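Numbering of the sequence shown is given in our numbering, commencing with residue 18 and proceeding in unit increments.
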Amino acid sequence: MELRIFTEPQQGATYDDLLAVAREAERLGFGAFFRSDHYLGMGTEGLPGPSDAWVTLAGLARDTSTIRLGTMMTSATFRYPGPLAISVANVDQMSGGRVELGIGAGWFEDEHTKYGIPFPSTGERFDRFEEQLAVITGLWSTRGGFTHEGEHYRVVDSPGLPKPVQTDGRRGGPPLLIGGLGKKRTPALAAAYADEFNLPFVDEATTEAQFARVRAACEAADRDPATMTWSNALVVCVGADEDEITRRAAAIGREKDELRENGLAGTPQEVVDKIGRYAALGAERVYLQVLDLADLDHLRLIAAEVLPHV
């Protein structure tokens with residue numbers, strides 16, 4: 018089982034906050050540092066304000082050296098597919114081939130209205146998302162002259178430049194992550210495009226059911242499900258004792274009992290045991306959602322007492 022660190026900087030973080038977490042995660046041996054792609058805090062003022070995911074990942078690409086970097090998830094509503102393909106390829110080159118693109122249809126309407134971003138209906142967002150996947154991967158893999166005639170995006174005879182460093186993703190570029198609970202289109206898109214399928218903040222029963230849908234979609238598309246990486250994202254709150262668990266839960270505005278039920282919370286052994294249950298369902302990676310970015314001792318405890326045992 019690989020453990021990765023996942024942050025939500027729209028809740029309130031500077032670039033230096035993110036850099037400190039990324040560098041410590043790298044030093045401690047976590048598999049990757051991921052960040053959300055949001056422009057508005059949720060239930061908070063989010064001071065000092067939002068940061069752009071791909072701008073900050075570009076900085077982290079130069080300010081780290083080995084840890085993998087990515088988004089969970091970039092919203093397809095935020096960017097045109099051509100410029101997004103360019104940005105990701107640029108950051109991949111800047112990092113020496115350490116980037117992964119998590120991408121979804123977008124869901125948080127309020128951040129769109131507050132920053133002047135169009136927010137179409139659910140059906141149209143998924144239509145645009147599907148076309149974005151086709152365009153991004155087409156631009157990365159083409160040897161020149163890529164054309165896409167879609168309802169929402171038209172690309173004519175593109176050189177598909179620049180090329181990313183990584184070319185071993187399923188569609189010829191950096192690894193693509195797709196996730197979510199949709200029962201039809203999400204599994205089908207994952208089977209067609211994704212290197213990794215991720216489930217955010219769901220329990221074991223939901224994980225089992227949705228993994229089964231995506232495996233079935235892979236088989237229907239004549240794809241071996243074993244070629245997919247399977248992962249979960251869960252909020253993490255680990256303490257050496259009950260007082261420490263309580264303190265860390267309070268620091269992120271949560272109750273420890275609720276976190277024990279809905280996240281990865283408790284003593285190191287409790288968390289190791291719960292990760293093991295997700296592994297039994299097929300999960301190969303867990304993204305640990307770290308919400309208190311100032312608590313680097315939390316990362317150190319997880320690295321010492323959880324990471325070696327999963």
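C-beta: ideal position from N, C-alpha, C; glycine also.
In this text the structure is predicted, and so the values were computed from the model without any measurement.
How about residue 268 and residue 314: are their beta carbons less than 7 Å apart?
7 Å or more divides the Cβ of residue 268 from the Cβ of residue 314.
* To do: Mind checking who residue 252 pairs with in its DSSP beta bridge?
  => Residue pairing for residue 252: DSSP places it in a beta bridge opposite 306.
Do the CB positions of residue 181 and residue 191 come within less than 7 Å of each other?
-> yes
Proximity winner among 221, 244 and 89, relative to residue 210 (alpha-carbon distances):
244
task: Can you tell me which of 104, 128, 106 and 146 puts its alpha carbon nearest to the alpha carbon of residue 344?
output: The displayed coordinates of the chain run from 18 to 327. Any statement about residue 344 would go beyond what the structure contains.
- Query: So what does DSSP say about residue 49, is it helix, strand or coil?
  - Reply: The answer is strand: DSSP assigns residue 49 an E or B state.
Suppose you measure from the CA of residue 280 to the CA of residue 22; what does that come to, to the nearest Å? 14 Å
key: Start and end residues, beta strand (DSSP E) containing residue 163   = 163 to 166
Which residue wins for smallest C-alpha separation from residue 81, given the options 159, 254, 92 and 45? Nearest C-alpha to residue 81: 45.
Point to revise | Option in 222, 83 and 139 with minimal Cα separation from residue 113 | key: 83
(message) Could you give the first and the last residue of the continuous beta strand (DSSP E) run that contains residue 195?
(response) 193 to 196
So which of 136, 33, 124 and 250 has the shortest CA-CA distance to residue 194? Minimum Cα distance to residue 194 is reached at 250.
Suppose you measure from the CA of residue 18 to the CA of residue 293; what does that come to, to the nearest Å?
9 Å
| query | Excluding sequence positions up to five away, which residues of its chain have a Cβ less than 7 Å from the Cβ of residue 205? | reply | 234
**Request:** Keeping to the same chain, check which residues put their C-beta closer than 8 Å to that of residue 241; ignore five residues upstream and five downstream.
**Result:** Cβ neighbours of residue 241 beyond the five flanking positions: 235.
| task | Leaving out five residues on either side along the sequence, give the residues of the same chain with a beta carbon under 7 Å from the beta carbon of residue 278. | result | Apart from sequence neighbours up to five positions away, no residue of its chain approaches residue 278 with a beta-carbon distance below 7 Å.
Among 128, 20, 149 and 271, which has the Cα closest to the Cα of residue 63? The option with the nearest alpha carbon to residue 63 is 128.
Discussion item. Rounding to the nearest angstrom, what Cα-Cα distance links residue 300 and residue 248 in this structure?
Written reply: Spanning the two alpha carbons is a distance of roughly 5 Å.
Handout entry: Residues that residue 120 bridges to, as DSSP identifies them
Key = 91
Three-state secondary structure (DSSP) at residue 232? helix
- Query: How big is the Cα-Cα spacing for residue 130 and residue 56?
  - Reply: Cα to Cα, the separation comes out at about 11 Å.
(Q) Using 7 Å as the threshold, is the C-beta distance between residue 202 and residue 154 below it? (A) no
Item checked: For residue 283, three-class secondary structure by DSSP -> strand
Could you check where the beta strand (DSSP E) with residue 171 kicks off and where it finishes?
-> 171 to 175
| Can you name the start and end residues of the alpha helix (DSSP H) that residue 269 belongs to? | Residue 269 -> no alpha helix (DSSP H), and no H or E assigned at all.
Worksheet entry | Given residue 246 as reference, the closest of 232, 31 and 68 once Cα atoms are compared | Of the listed residues, the one whose Cα sits closest to residue 246 is 232.
> DSSP puts residue 85 in a beta bridge; with which residues?
Replying inline: Beta-bridge pairing links residue 85 to 49.
Note down the Cα distance separating residue 305 from residue 110, rounded to an integer number of angstroms. 26 Å
* Is residue 92 buried or exposed, if buried means 16 or more other CB atoms sit within 10 Å of its CB? -> buried
Check your understanding: To which residues does DSSP link residue 143 through a beta bridge?
Key -> Note: residue 143 sits in no beta bridge, so no partner.
Item checked: Start-to-end residues for the beta strand (DSSP E) that takes in residue 19 -> 19 to 24
**Prompt:** Bridge partners of residue 215, per DSSP?
**Reply:** 196 and 248
Check your understanding: Do the CB positions of residue 159 and residue 134 come within less than 7 Å of each other?
Key -> no
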